[in-house]
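Asks: Here it is, the structure in full.
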Amino acid sequence: MTSRILLIAISIFMMIPLGGCWDRKELNELGIAVAIGVDTAPRNQLKVTAQVVVPSKVAPGQLSGKVGTSVTVYEQIAPTFTEAIQKMTVVSPRKVYLGHIRMLVIGEKFARKGIASVVETLIREPSSRADYYIVVAKEQSASDILKITTSLEKIPANKMFTSLNISSDTWAPYTKVTIDDLMNTLLDASGCPVLTGIHAYGTNQDKSGEGVENITKTEPTVELKFVGLGVFKKDRLVDWLNESESKGYNFIRNQVKETREHYDTGNGVRIGFHTFRNKTEVKAAVVQGNPLIRINVTSEGALSEIQGDAQVLNSSETLHQLERQSSKRVVELMKQAVDSARQRHHADIFGFGELIHEENPKAWKKLKKDWERMLTELNVHYTVDTKISKIGTLLDTFQKKMKE
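Following full-length UniProt numbering, the numbering of the sequence shown begins with 1 at its first residue and continues without gaps.
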């Protein structure tokens, strides 16, 4: 009996050091990375850039007058992503921590070679979250993007994250993609993702866009802006959609929450239109062995601006004409996007193949063998129904009455 009690006591005593987090790190031992950049490097290596928060610049109660940026940037070249991150300790006094990433920026050259390895590495990383956004540095390196300081938002990564959130919700040409979204798209039947592009505009030859001076001006020397959508075939970037094609893509993917358009009605009259509600349904079918896609869009909007003196608001026929014009415009945008993707890029960025696979798996087994060719001949039907539900507080344009 005594030996049993002694054995239990020893067992309990041995379990004490096993409690808690074996890999626990104190905050003052970590460098919090808020953005990561990946570029190509010589000899088949990677250049990894980390945008790391400077704690003294963002801590509550700190004097705003202190000179200095809120982030610092570390770069290392190594054969693998994880080696490059660990190698940053040769210049950083803290271990770079990936648990608070807001943005992953991929250089265009690297994206054209394939991004699957980096995607898998980041998904495997236990400390990394899955809610950050991924963008491609158009015609630039990721390093170029992460070195630019920004106004309004102290932390450039937060600026990019928030701007992409807002622009994708209110301006149709852009879309937000997380690491999980990207992985799921790469794994579906067609596997052609789309990522928003970003570009640093301005002159940065003297590195003025990388310091405090860039955020102390009313008009920064260098600014970060989103630019179109990058088209991928599997994990390789192949080309870019222009603004109209990007809008059409987002309409088809049911990713337009709100946007603005304008229509010229003739006689110097221009009407501004605000789409504030949109729903897209895409259905696939296989008819006599031939795939068919039906796209149905329902939009609701309001007249937001009138340039000219036309009396457009007191006639139901005029409003119906504007509704038809708006519907026609959306169809044009979607056609441009589809034609560009399948004729110029030969990429099924809309997931049509996955829809056919879900609708008719047996037929898809035959179609997928020659899907790239069949995509160019795919029959796509477009239907758009637009309703103008608001015309503002004026029943007529006062610009016309000014001339009476």
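Note that the Cβ used here is the ideal one computed from N, Cα and C, for glycine as well.
(1) Who are the near neighbours of methionine 374 in its chain, counting only those whose CB is closer than 7 Å to its CB and skipping five residues on each side?
(2) Grab me the residues of lysine 87's own chain with a C-beta within less than 6 Å of its C-beta, minus the 5 sequence neighbours each way, in chain order.
(3) Do valine 48 and valine 34 come within 7 Å of each other at the CB atom, strictly closer than that value?
(4) How far does the beta strand (DSSP E) with glutamate 223 in it extend, from its first residue to its last?
(5) Could you tell me the alpha carbon to alpha carbon distance between serine 117 and isoleucine 12, rounded to whole angstroms?
(6) Given this structure, state the Cα-to-Cα distance separating tyrosine 74 from asparagine 254, to the nearest angstrom.
(7) Who are the near neighbours of tryptophan 371 in its chain, counting only those whose CB is closer than 6 Å to its CB and skipping five residues on each side?
(8) Please give me, in chain order, every unbroken run of the alpha helix (DSSP H) with length at least 4 that falls completely inside the stretch 125-169.
(9) Using the Cα positions of valine 269 and tyrosine 263, report the straight-line distance between them to the nearest angstrom.
(10) Could you give the residue range of the beta strand (DSSP E) that holds tryptophan 240?
(11) Using the Cα positions of proline 42 and histidine 100, report the straight-line distance between them to the nearest angstrom.
(12) Are serine 246 and glycine 230 touching if we call contact CB-CB under 7 Å?
(13) Could you tell me if arginine 4 is buried or exposed, where buried requires 16 or more neighbouring beta carbons within 10 angstroms of its beta carbon?
(14) Helix or strand or just coil, what does DSSP make of valine 58?
(15) Which residue or residues does DSSP assign as beta-bridge partners of phenylalanine 273?
(16) Would you give the residue range spanned by the alpha helix (DSSP H) that isoleucine 356 belongs to?
(17) For leucine 182 and valine 119, which I take to be in contact (beta-carbon distance under 8 Å), what is that distance rounded to the nearest angstrom?
(18) Please report how far the alpha carbon of valine 105 lies from the alpha carbon of valine 287, in whole angstroms.
(19) Pick out whichever of Thr82, Lys138 and Val91 has its Cα sitting closest to the Cα of glutamate 108.
(20) Opposite glutamate 281 in the DSSP bridges: which residues?
(21) Pick from Phe276, Leu303 and Ala50: whose alpha carbon is nearest that of isoleucine 36?
(22) So does the stretch 272-280 actually touch the stretch 293-300, counting three or more Cβ pairs closer than 8 Å?
(23) Glutamate 261 to asparagine 44, Cα distance in whole Å?
(24) Check whether the Cβ atoms of alanine 284 and leucine 187 lie closer than 7 Å to each other.
(25) Can you give the Cα-Cα distance for tryptophan 22 and alanine 84, rounded to whole angstroms?
(26) Between the alpha carbons of glutamate 223 and glutamine 336, how many angstroms are there, rounded?
(27) Let's test the definition: count the other Cβ atoms within 10 Å of the Cβ of arginine 344 and tell me whether it reaches 16, buried, or not, exposed.
(28) So tyrosine 201 and lysine 217 are in contact, right, with Cβ under 8 Å, and what is the actual spacing, rounded?
(29) Applying the 10 Å Cβ sphere with the 16-neighbour rule, what's the burial state of leucine 146?
(30) How about threonine 257 and aspartate 131: are their beta carbons less than 7 Å apart?
(31) Does DSSP put glycine 248 in a helix, in a strand, or in coil?
(32) If you reduce the DSSP assignment to three classes, tell me which class aspartate 39 lands in.
(33) Quick one: residues in its chain with C-beta nearer than 7 Å to the C-beta of tyrosine 97, no 5 flanking neighbours on either side, listed in chain order?
(34) Within 10 Å of its beta-carbon, does valine 90 have 16 or more other beta-carbons around it, so buried, or fewer, so exposed?
(35) Taking the alpha carbon of serine 327 as the point to measure from, which residue in Thr386, Ser316, Leu46 and Tyr249 has its own alpha carbon closest?
(36) With a 10 Å radius around its C-beta and 16 neighbouring C-beta atoms as the bar for buried, classify asparagine 158 as buried or exposed.
Replies: Taking the coordinates as given:
(1) For this step, residue 374 is matched to residue 374 along the sequence shown. Correct list, in chain order: Pro291 and Leu367.
(2) Along the sequence shown, one-based indexing puts residue 87 at 87. Taken in chain order, the residues that qualify are Gln76 and Ala78.
(3) Counting from one through the sequence shown, the residue named residue 34 turns up at place 34. Counting from one through the sequence shown, the residue named residue 48 turns up at place 48. No, the Cβ-Cβ distance between valine 34 and valine 48 is not below 7 Å.
(4) Sequence index remark: in the sequence shown, residue 223 carries index 223 (1-based). Segment 222-233, the beta strand (DSSP E) holding glutamate 223.
(5) Sequence index remark: in the sequence shown, residue 117 carries index 117 (1-based). Sequence index remark: in the sequence shown, residue 12 carries index 12 (1-based). If I take the Cα positions, the gap works out to 44 Å.
(6) Position 74 of the sequence shown, counted from the first residue, corresponds to residue 74. Position 254 of the sequence shown, counted from the first residue, corresponds to residue 254. Each residue's Cα considered, the two are about 38 Å apart.
(7) Against the sequence shown, residue 371 aligns to sequence position 371. Contacts found: Gly353.
(8) 142-146
(9) Position 269 of the sequence shown, counted from the start, is the residue given in the question as residue 269. Position 263 of the sequence shown, counted from the start, is the residue given in the question as residue 263. Their backbone Cα atoms lie some 8 Å apart in a straight line.
(10) Looking up residue 240 in the sequence shown gives position 240. From DSSP, the beta strand (DSSP E) with tryptophan 240 extends over 236-241.
(11) Taking the sequence shown and counting its residues from 1, one reaches residue 42 at position 42. Taking the sequence shown and counting its residues from 1, one reaches residue 100 at position 100. Rounded to the nearest angstrom, the two C-alpha atoms are 29 Å apart.
(12) Here residue 246 is taken as the residue at index 246 of the sequence shown, counted from 1. Here residue 230 is taken as the residue at index 230 of the sequence shown, counted from 1. No.
(13) For the purposes of this step, residue 4 is taken as the residue at position 4 of the sequence shown. So arginine 4 counts as exposed.
(14) For the purposes of this step, residue 58 is taken as residue 58 along the sequence shown, with counting starting at 1. Three-state result, valine 58: helix.
(15) For the purposes of this step, residue 273 is identified with residue 273 of the sequence shown, where counting begins at 1. Answer is Glu261 and Leu303.
(16) Locating residue 356 in the sequence shown gives position 356, where the first residue counts as 1. Unbroken alpha helix (DSSP H) run through isoleucine 356: 352-359.
(17) For the purposes of this step, residue 182 is identified with residue 182 of the sequence shown, where counting begins at 1. For the purposes of this step, residue 119 is identified with residue 119 of the sequence shown, where counting begins at 1. Confirmed, Cβ separation roughly 6 Å.
(18) For the purposes of this step, residue 105 is taken as the residue at position 105 of the sequence shown. For the purposes of this step, residue 287 is taken as the residue at position 287 of the sequence shown. Spanning the two alpha carbons is a distance of roughly 42 Å.
(19) The residue labelled residue 108 in the question sits at position 108 within the sequence shown. Nearest option by C-alpha distance: Lys138.
(20) Position 281 of the sequence shown, counted from the start, is the residue given in the question as residue 281. Partner(s): Asn296.
(21) Reading the sequence shown from its first residue, position 36 is the one you call residue 36. Measuring from the Cα of isoleucine 36, the nearest candidate turns out to be Ala50.
(22) yes
(23) Stepping through the sequence shown from its first residue, residue 261 is reached at position 261. Stepping through the sequence shown from its first residue, residue 44 is reached at position 44. Rounded to whole angstroms, glutamate 261 to asparagine 44 spans 45 Å at the Cα level.
(24) By 1-based counting over the sequence shown, the position of residue 284 is 284. By 1-based counting over the sequence shown, the position of residue 187 is 187. No, the pair does not count as a contact, with Cβ atoms beyond the cut-off.
(25) Looking up residue 22 in the sequence shown gives position 22. Looking up residue 84 in the sequence shown gives position 84. The predicted model places tryptophan 22 with a pLDDT of 47, which falls under 50 and marks its position as unreliable; any figure quoted below should be read in that light. The alpha-carbon atoms of tryptophan 22 and alanine 84 are separated by roughly 24 Å.
(26) By one-based count along the sequence shown, residue 223 stands at place 223. By one-based count along the sequence shown, residue 336 stands at place 336. Going from the Cα of glutamate 223 to the Cα of glutamine 336 covers about 29 Å.
(27) Here residue 344 refers to the residue found at position 344 when the sequence shown is read from its first residue. Counting Cβ neighbours within 10 Å, arginine 344 comes out exposed, since fewer than 16 surround it.
(28) Locating residue 201 in the sequence shown gives position 201, where the first residue counts as 1. Locating residue 217 in the sequence shown gives position 217, where the first residue counts as 1. Tyrosine 201 to lysine 217, Cβ: 14 Å. No contact.
(29) Residue numbering aside, residue 146 sits at position 146 when the sequence shown is read from its first letter. Buried.
(30) Sequence index remark: in the sequence shown, residue 257 carries index 257 (1-based). Sequence index remark: in the sequence shown, residue 131 carries index 131 (1-based). Strictly speaking, residue 257 in this sequence is lysine, with threonine absent from that position. Going by C-beta atoms, lysine 257 is not nearer than 7 Å to aspartate 131.
(31) Residue 248 sits at position 248 when you count from the first residue of the sequence shown. Helix at glycine 248.
(32) Here the question's residue 39 lines up with position 39 in the sequence shown. DSSP places aspartate 39 in strand when its eight states are reduced to three.
(33) In the sequence shown, residue 97 corresponds to position 97, counting from 1. So the qualifying residues of the chain are Leu30, Gly31, Ile32, Ala33 and Ser127.
(34) The sequence position of residue 90 within the sequence shown is 90, counting from 1. Exposed, because fewer than 16 other Cβ atoms sit within 10 Å of the Cβ of valine 90.
(35) Locating residue 327 in the sequence shown gives position 327, where the first residue counts as 1. Answer by Cα proximity: Thr386.
(36) Taking the sequence shown and counting its residues from 1, one reaches residue 158 at position 158. It is buried - the Cβ of asparagine 158 has at least 16 other Cβ atoms within 10 Å.
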